Amino acid sequence: MRFTSLVVELIRARPRLVVWIVVLAQAAIWLLLPLVLYRSPPGDLATVLAFGREYQVGTDMGPPLAFWLADIAFRAAGNHVFGVYLLAQACEVATFIAFYQLARAIVGRQQAVLAVLLSMTVVVFSSPSVEFGPLILARPLWALLLLHSWQLIGQNRRSAWFAWSIDCGLLLLTTPAALGMILLVAGFAVATPRGRRTLRAVDPVYALLVVVVLALPYLIWLVRADALALPPLPALADLSARATRSGIVLGGLITASVAIALLAILNSRWFARDVDDTPSIYRPPVGPLAQQFVYFFAFAPAVLGSLVAGLFNQERVFGGAGVALLMSGLAVVVATGDLIHLRRQRLLRTVWATAIAAPAAAALAVALFLPWTSTTEVPTSLPAAAIGHFFDDSYERRTNQRLRAVAGDPELASLIAMQSRRPHLLLDATPQRTPWLSLAKFNETGGVVVWRASDTSGAPPPDIAQRFPGLVPEVPRSFDRLVNGRQGLLRIGWAIVRPKG
Numbered sequence: 067m068r069f070t071s072l073v074v075e076l077i078r079a080r081p082r083l084v085v086w087i088v089v090l091a092q093a094a095i096w097l098l099l100p101l102v103l104y105r106s107p108p109g110d111l112a113t114v115l116a117f118g119r120e121y122q123v124g125t126d127m128g129p130p131l132a133f134w135l136a137d138i139a140f141r142a143a144g145n146h147v148f149g150v151y152l153l154a155q156a157c158e159v160a161t162f163i164a165f166y167q168l169a170r171a172i173v174g175r176q177q178a179v180l181a182v183l184l185s186m187t188v189v190v191f192s193s194p195s196v197e198f199g200p201l202i203l204a205r206p207l208w209a210l211l212l213l214h215s216w217q218l219i220g221q222n223r224r225s226a227w228f229a230w231s232i233d234c235g236l237l238l239l240t241t242p243a244a245l246g247m248i249l250l251v252a253g254f255a256v257a258t259p260r261g262r263r264t265l266r267a268v269d270p271v272y273a274l275l276v277v278v279v280l281a282l283p284y285l286i287w288l289v290r291a292d293a294l295a296l297p298p299l300p301a302l303a304d305l306s307a308r309a310t311r312s313g314i315v316l317g318g319l320i321t322a323s324v325a326i327a328l329l330a331i332l333n334s335r336w337f338a339r340d341v342d343d344t345p346s347i348y349r350p351p352v353g354p355l356a357q358q359f360v361y362f363f364a365f366a367p368a369v370l371g372s373l374v375a376g377l378f379n380q381e382r383v384f385g386g387a388g389v390a391l392l393m394s395g396l397a398v399v400v401a402t403g404d405l406i407h408l409r410r411q412r413l414l415r416t417v418w419a420t421a422i423a424a425p426a427a428a429a430l431a432v433a434l435f436l437p438w439t440s441t442t443e444v445p446t447s448l449p450a451a452a453i454g455h456f457f458d459d460s461y462e463r464r465t466n467q468r469l470r471a472v473a474g475d476p477e478l479a480s481l482i483a484m485q486s487r488r489p490h491l492l493l494d495a496t497p498q499r500t501p502w503l504s505l506a507k508f509n510e511t512g513g514v515v516v517w518r519a520s521d522t523s524g525a526p527p528p529d530i531a532q533r534f535p536g537l538v539p540e541v542p543r544s545f546d547r548l549v550n551g552r553q554g555l556l557r558i559g560w561a562i563v564r565p566k567g
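Going by my numbering, the letters in the sequence shown line up with residues 67 to 567, in that order.
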């Protein structure tokens, strides 16, 4: 007797409902996890908020849109990082819903669900979804760009030109990799007869005008900042090391796709007893153009992004792993065939759920157990609220003025800059990165300088003492981490630069 699980029946009868359930469940996990475990935001999120607070048209961290949205979400949540976490998960939901629409247009509704489930294992495992920034915001824009590109090339829908131009313009305002993403789409269009026929119309000219209008402020900033030049190319002697770096980056992407390979192997005929007595998911035949579209955007962003990362000695794939691997699940579904048999359903569900839950379990283990087994500090364990409140309150009591700026250790200063009064951040070691505040202006308006104290004397490090001559250190302040473990208390040295006048 054939056994068909409720999940398979839901995929057949209500595919869109299944997509919404799994996507929202995954988003809920990564929305609640940082609220419970993280006492400070992960990665560069605090710096993103500090830059977004200034509403600069452009910075050395890239185009401004992600920073502006992060600040808006932060303020909308009452100056709480919950708003930014929610924004990050909204981007994840939008990414997979747009991806589902694209997959449905190519392989039908039911197999589109399988494509979403497979891609989720890769995207969730390969890159964090909590650390909002340009890489997170680029994912839904890339998914929408692919969707509207297929509507133009594969379905000949002229009405999609306007949406396509909006996608390109917003991408240019989001990530430095946007131009490469757009060139990939344009390259595919030029390489195919249907694509060339689409480009012969007048609509691309109007779309290009919309893109230029959207990106014009950032383009003007690039010209004024003299930032249009490419990074320096490596010397011939360094090409071997850069090629190795490309291989390492590409190997990381392949490793992140291991869950898809495992699911495909477990679902193969090798592990099935009754080959013909299994439920199946059917789709209409996929044409050659659709296959070319899927395979090209499944492999080209990963391969070319790894080459660019190696060429310019970057640690991660150009454009981000979430962009490079988004189409991998759809590529596997297209390659499988018109009829996909679901064998060993319980095992497949277990492996898929494990792949989705593994990053969350790893984050839990790092936060709670790593401090007991290692002396490596967990960045998200720093008590950001307590740190910010103490220095904000101390400065106001000493000077009878609110805290306007903070400098010193970039990590600690960024955490203080997140607090309710949002003081300006000065990266005093690299002041060109924070053009809204200079050392002279900081010394005039006053602020707090912080550093990690190695002893109870609280003497500032030599580089900070050199940039702030005459600094009088206060008694260091100690803070408990989320879990201290084998580490001592977090000791922060600090000093007040009093405002002139």
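Where is the CB? At the ideal position from N, CA and C, for every residue including glycine.
Values in this document were obtained by computation on a predicted structure and should not be read as measured data.
Residues that residue i bridges to, as DSSP identifies them
i	result
Ile562	Val514
Val55	The requested residue 55 does not occur in the structure, where the chain is confined to residues 67 to 567.
Thr125	Gly128
Tyr348	Leu405
Pro539	Ala561
Leu556	Phe545
Spatial distance of residue i from residue j (CA atoms)
i	j	result
Asn145	Arg119	11 Å
Leu319	Gly371	10 Å
Gly235	Ile530	41 Å
Val315	Ala428	21 Å
Ala91	Ala433	22 Å
Pro100	Gln155	12 Å
Pro445	Pro108	7 Å
Ala401	Met186	18 Å
Gln467	Asp459	10 Å
Leu478	Phe148	20 Å
Asp137	Leu282	22 Å
Ser548	Ser447	Here residue 548 is Leu; the residue named in the question, Ser, does not match the sequence. About 5 Å.
Ile77	Pro345	11 Å
Arg410	Val268	52 Å
Pro259	Leu265	10 Å
Pro542	Ile562	12 Å
Phe545	Ser334	54 Å
Met67	Ala94	A caution first: Met67 carries a pLDDT of 42, below 50, which makes its placement in the model too unreliable to give a value.
Leu436	Glu540	32 Å
Leu288	Arg463	42 Å
Trp208	Thr240	11 Å
Ile248	Leu274	11 Å
Local Cβ density within 10 Å of residue i, reported as buried at 16 or more and exposed below that
i	result
Trp230	buried
Phe117	buried
Ala291	exposed
Arg470	buried
Gly253	exposed
Leu238	buried
Gly474	buried
Gln177	buried
Gly439	Note that residue 439 is Thr in the sequence shown here, rather than Gly. Exposed is the call here.
Phe162	buried
Gly317	exposed
Gln532	exposed
Gly454	buried
Val279	exposed
For residue i, the first and last residue of its enclosing alpha helix (DSSP H)
i	result
Phe545	It is not in any alpha helix (DSSP H) - Phe545 instead sits in the beta strand (DSSP E) that spans Arg543 to Phe545.
Met247	Ala244 to Ala257
Gly454	Ala450 to Thr465
Trp599	Since the first residue of the chain shown is 67 and the last is 567, residue 599 is not available in this structure.
Asp269	Asp269 to Arg290
Ser231	Ala226 to Leu238
Ser372	Pro354 to Leu377
Phe165	Phe148 to Val173
Arg412	Gln411 to Leu434
Leu329	Val324 to Leu332
Arg78	Leu72 to Ala79
Asp521	Segment: none, Asp521 is in no alpha helix (DSSP H) and carries neither H nor E.
Asp529	Pro528 to Arg533
Whole-Å CB distance - residue i paired with residue j, under 8 Å assumed
i	j	result
Ala132	Pro200	4 Å
Val150	Ala139	5 Å
Ala325	Leu391	At roughly 11 Å, the Cβ-Cβ gap does not stay under 8 Å, so Ala325 and Leu391 are not in contact.
Ala255	Ile219	6 Å
Val374	Phe384	4 Å
Leu396	Ala169	5 Å
Ile347	Leu414	Contact flag wrong, Cβ pair sits at about 12 Å.
Ile87	Cys157	About 19 Å separates the two Cβ atoms, so there is no contact after all.
Ala450	Ser106	4 Å
Gly376	Ala309	6 Å
Leu250	Asp233	In fact, because the Cβ distance is near 13 Å, the residues do not count as touching under 8 Å.
Chain B within 9 Å of residue i, Cβ atoms only
i	result
Asn509	No chain B appears in this structure, which consists of one protein chain only.
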